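Colleague:
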């Protein structure tokens, strides 16, 4: 069983690793100047979101999920909204990771000329 520090380090490494690996692909699609523009615009929004989450944690130190914070702020409806938004986010995030896994398997097994569905089944 790992400590919360080890778990946090793994989650942070996973998020940063996937972000760094996909950044070049997004720059290739957007172009250099629009990619830099999007990066400069998104950075303050992400930073502000982090500050807000930190303030919520300081205001409600016993809350560990979005549902807990929603319950403290709005009540039962806020709790349900917090959990629903978390599950929707996780669903799309896992879908994004699954696309990365599929592309990686297709590159590794390039000689087999796998289609996307075959690579997805191997990745599953």
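Residue numbers (my numbering): 322 to 445. All C-beta atoms in this analysis are idealised placements derived from N, C-alpha and C, irrespective of residue type, glycine included. Nothing here was measured: the structure is a model prediction, and the numbers come from that model.
#1: For residue 388, which of 395, 431, 404 has the nearest alpha-carbon?
#2: Work out the CA separation of residue 344 and residue 338 for me, nearest whole Å.
#3: Classify residue 322: buried if its beta carbon has 16 or more other beta carbons within 10 angstroms, exposed otherwise.
#4: Please state whether the Cβ-Cβ distance between residue 444 and residue 429 is less than 8 Å.
#5: Measure the Cβ-Cβ separation of residue 446 and residue 419 and say whether it is below 8 Å.
#6: Return the chain-ordered list of same chain residues with a C-beta closer than 7 Å to the C-beta of residue 392, the five sequence neighbours on each side being excluded.
#7: Using beta-carbon positions only, say whether residue 386 and residue 407 come within less than 8 Å of one another.
#8: Give every residue of the same chain whose Cβ lies closer than 8 Å to the Cβ of residue 377, excluding the five residues on either side of it in the sequence, and list them in chain order.
Modeller: The relevant details are as follows:
#1: 404
#2: 10 Å
#3: The residue is exposed, with fewer than 16 neighbouring Cβ atoms inside 10 Å.
#4: no
#5: Because the chain spans 322 through 445 in this model, residue 446 falls outside it and cannot be assessed.
#6: 399, 400
#7: Yes, Cβ-Cβ distance for residue 386 and residue 407 is below 8 Å.
#8: 384, 390
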